[in-house]
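Notes for the one structure printed next.
Number of protein chains: 4
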Amino acid sequence: MFEIIITPRISETDLVGHINNTTLPVWFEAARYPIFHLFNPNQDYKDWKMIVVKTTLEYKRQIFFGKDVVIRTWVKHIGNTSLRLYEELYQGDLLCAVNEAVYVNFNLATQQSESIPPHIKKELLQHFYEEQSLQNVNDLN
Amino acid sequence: MFEIIITPRISETDLVGHINNTTLPVWFEAARYPIFHLFNPNQDYKDWKMIVVKTTLEYKRQIFFGKDVVIRTWVKHIGNTSLRLYEELYQGDLLCAVNEAVYVNFNLATQQSESIPPHIKKELLQHFYEEQSLQNVNDLN
Amino acid sequence: MFEIIITPRISETDLVGHINNTTLPVWFEAARYPIFHLFNPNQDYKDWKMIVVKTTLEYKRQIFFGKDVVIRTWVKHIGNTSLRLYEELYQGDLLCAVNEAVYVNFNLATQQSESIPPHIKKELLQHFYEEQSLQNVNDLN
Amino acid sequence: MFEIIITPRISETDLVGHINNTTLPVWFEAARYPIFHLFNPNQDYKDWKMIVVKTTLEYKRQIFFGKDVVIRTWVKHIGNTSLRLYEELYQGDLLCAVNEAVYVNFNLATQQSESIPPHIKKELLQHFYEEQSLQNVNDLN
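Chains as they are written, first to last, in this note's numbering: chain A, 1 to 141; chain B, 1 to 141; chain C, 1 to 141; chain D, 1 to 141.
Written out as structure tokens, the structure is:
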């Protein structure tokens with residue numbers, strides 16, 4: 001699991017008085033920084049790899065200015081060229097939003113998707129969603 | 001169908017050289033302006049009604065700075081308190097993204113969802129997605 | 001003078017109930033699109049030219065969601081490598097903000113500023129701020 | 001002095017390959033959080049106080065994705081109803097931007113500016129820019 005803490009900004013609120021819904025995709029993308037880094041370890045961003053193809057975002061509770069937010073990111077599926085992430089956003093103890101994001105490992109120069117390299121798959125597996133369940137099972141023993 | 005034209009901004013691009021994926025939810029929300037206006041015709045936004053509960057966004061093609069974008073919005077389902085929108089984003093002739101957004105008619109004061117008023121339902125029906133298909137059929141006759 | 005119309009977005013408001021102050025630099029930059037186009041007419045943005053070096057922004061009145069905004073942009077000074085713009089933002093009849101932006105014609109490859117080409121200077125002169133005053137004087141005759 | 005660390009987001013970059021200039025006002029505002037908190041300690045944001053009236057922002061160096069940014073904020077002048085802040089943005093050892101922001105203590109209900117309360121002035125004085133110089137002098141002794 002990857003985890004980051006985000007301090008909401010005034011500019012991320014809206015006239016309804018809460019965090020605007022369009023802020024959440026920005027935060028979820030920010031939380032994927034360590035995954036982007038896996039695909040571009042040398043920080044050569046002209047060779048950017050991870051292109052989003054689908055997001056499914058459920059807004060469960062309003063989020064407010066004045067209190068930090070935690071985002072946790074797991075890997076839910078690794079395909080040959082694609083990757084499905086599962087993300088949870090908490091403010092305090094409250095689960096406020098759940099997101100799934102499908103990415104493809106894309107070569108911008110050739111405009112073709114490419115296999116995810118084995119060493120990256122191996123690293124991603126350490127953040128697999130099922131691991132959490134297993135861990136919970138282990139906690140019971 | 002509701003339709004708006006958006007001119008991409010430099011600040012909406014990213015280092016990959018295209019429009020950043022987090023810009024699309026902003027544009028799709030901007031395209032819903034006439035629907036928000038239906039629910040808040042007197043522009044009293046302290047009494048804001050439409051709260052998003054889920055979005056499903058498919059990114060089909062990269063979008064670039066330098067060429068206008070068209071967003072078309074249809075109503076796909078009207079429930080008692082909720083509303084499902086279907087949205088298409090074109091740049092030139094290319095369909096670049098498809099979004100579904102589920103909204104609920106929410107009373108922020110009571111923190112309860114409320115039935116969508118009949119006069120709004122009637123107006124929304126004029127923008128129903130099926131109508132387009134029917135219209136296409138009629139065009140054939 | 002360059003002029004564009006902008007429809008405020010919900011995501012550009014904040015919890016105070018008005019347009020957030022950080023939205024204005026975004027809008028002013030959007031209004032400079034025709035000037036950027038002068039420097040990059042072939043839309044090859046890897047060769048981007050105009051780099052901002054200073055902005056001075058006065059917020060005169062609150063701006064609200066629900067009503068279009070007009071931004072007018074003039075050229076106030078053309079140096080050898082730099083350019084000073086003067087920008088006014090209106091909502092209805094009200095002048096809500098005034099901005100000055102200093103840009104330099106920068107070569108990102110060499111990391112050096114370059115002289116503004118004569119054909120661009122000539123074009124920019126047609127949008128000079130003093131012209132307006134002269135035009136006003138002419139209107140009196 | 002107030003200090004915060006910001007991790008740049010992909011969505012804050014632009015097609016030139018660096019952080020877009022419109023991102024900086026967002027970051028500088030985020031850095032003023034503790035000052036906003038002084039004026040709204042009970043987090044009742046319907047009673048928001050601090051309204052920006054002018055910003056003067058100098059862009060000294062390009063800022064890039066992939067490395068944290070530090071923003072330091074000082075109080076430079078306290079008037080009866082207004083406040084002038086001085087802000088520096090560093091990436092690594094490099095000073096990348098300097099901003100001044102003038103705020104007024106504004107009552108949105110009455111639409112009038114109000115005197116800054118003495119207990120807030122006292123607190124703000126602890127973050128005065130001159131103090132830094134004095135401290136430097138003291139360090140020499």
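Glycine is no exception: its CB is placed at the ideal position from the N, C-alpha and C atoms.
- Straight through space, the alpha carbons of K54 (chain C) and T7 (chain A) are spaced by roughly 28 Å.
- Excluding the 5 residues flanking it on each side, F64 (chain A) has same chain C-beta neighbours closer than 6 Å at H18, in chain order.
- Here the alpha carbon of K49 (chain D) sits roughly 54 Å from the alpha carbon of N80 (chain A).
- Per the Cβ contact rule, the segment 113–125 of chain A is not in contact with the segment 85–98 of chain A (fewer than 3 Cβ pairs under 8 Å).
- H119 (chain B): member of the alpha helix (DSSP H) spanning 118–125, first to last residue.
- In this structure, the alpha-carbon of E114 (chain A) lies about 29 Å from that of V69 (chain B).
- Using a 10 angstroms sphere on the CB of P34 (chain B), the tally of other CB atoms stays under 16, which defines it as exposed.
- In this structure, D14 (chain D) places its C-beta atom within 8 Å of the C-beta atom of T13 (chain B).
- Taking a C-beta distance under 8 Å as the contact criterion, Y103 (chain D) and V52 (chain D) qualify as a contact pair.
- Of the other Cβ atoms in all chains shown, fewer than 16 fall within 10 Å of the Cβ of R61 (chain A); this residue is therefore exposed.
- Cβ-Cβ separation between L85 (chain A) and V98 (chain A): approximately 11 Å, too far for a contact (criterion under 8 Å).
- 8 Å or more divides the Cβ of I4 (chain A) from the Cβ of I78 (chain A).
- The beta-carbon separation of S11 (chain D) and T22 (chain B), rounded to 4 Å, stays under the 8 Å limit for a contact.
- Within the model, the alpha-carbon separation for T110 (chain D) versus D47 (chain D) is close to 11 Å.
- Counting other Cβ atoms within 10 Å of its Cβ, N105 (chain B) reaches 16 or more and is therefore classed as buried.
- The shortest CA-to-CA distance from L24 (chain B) to any of B:S82, B:A101, B:Y45, B:L108 is the one to B:A101.
- The C-beta distance from E87 (chain C) to F28 (chain C) rounds to 5 Å, short enough to fall under 8 Å.
- In this structure, the beta-carbon distance from Q126 (chain B) to G66 (chain C) does not fall below 8 Å.
- In this chain, the beta strand (DSSP E) harbouring T73 (chain A) covers 69–78.
- Rounded to whole angstroms, F2 (chain B) and A30 (chain A) show a C-alpha spacing of 32 Å.
- A Cβ of chain A is located within less than 8 Å of the beta carbon of N20 (chain C).
- From the listed residues D:Y129, D:E130, D:S82, D:F128, the smallest Cα separation to Q112 (chain D) is found for D:S82.
- Listed along the chain, the chain C residues whose CB falls inside 7 Å of the CB of F65 (chain B) are Y45.
- E130 (chain A) and C96 (chain A) have their C-alpha atoms roughly 22 Å apart.
- Taking CB atoms only, L89 (chain C) has no neighbour in chain D less than 8 Å away.
- When DSSP states are grouped into helix, strand and coil, A30 (chain A) belongs to the helix group.
- Across the structure, V16 (chain D) and I116 (chain C) are spaced so that their CA atoms are roughly 19 Å apart.
- Taking the Cα of N107 (chain D) as reference, the smallest distance to any Cα among D:E58, D:F128, D:Y45, D:L124 is reached at D:Y45.
- Taking 4 residues as the shortest admissible run, the segment 31–63 of chain A contains the following complete alpha helix (DSSP H) segments, listed from N- to C-terminal end: 33–39.
- Take the alpha-carbon of N40 (chain A) and the one of R32 (chain A): they are about 12 Å apart.
- For Y86 (chain A), the closest Cβ of chain B is not nearer than 8 Å.
- Bounds of the beta strand (DSSP E) holding L85 (chain B) are 82–91.
- Taking C-alpha positions only, L124 (chain B) is separated from R9 (chain C) by approximately 21 Å.
- In this model, N20 (chain B) and F128 (chain D) are separated by some 39 Å (Cα to Cα).
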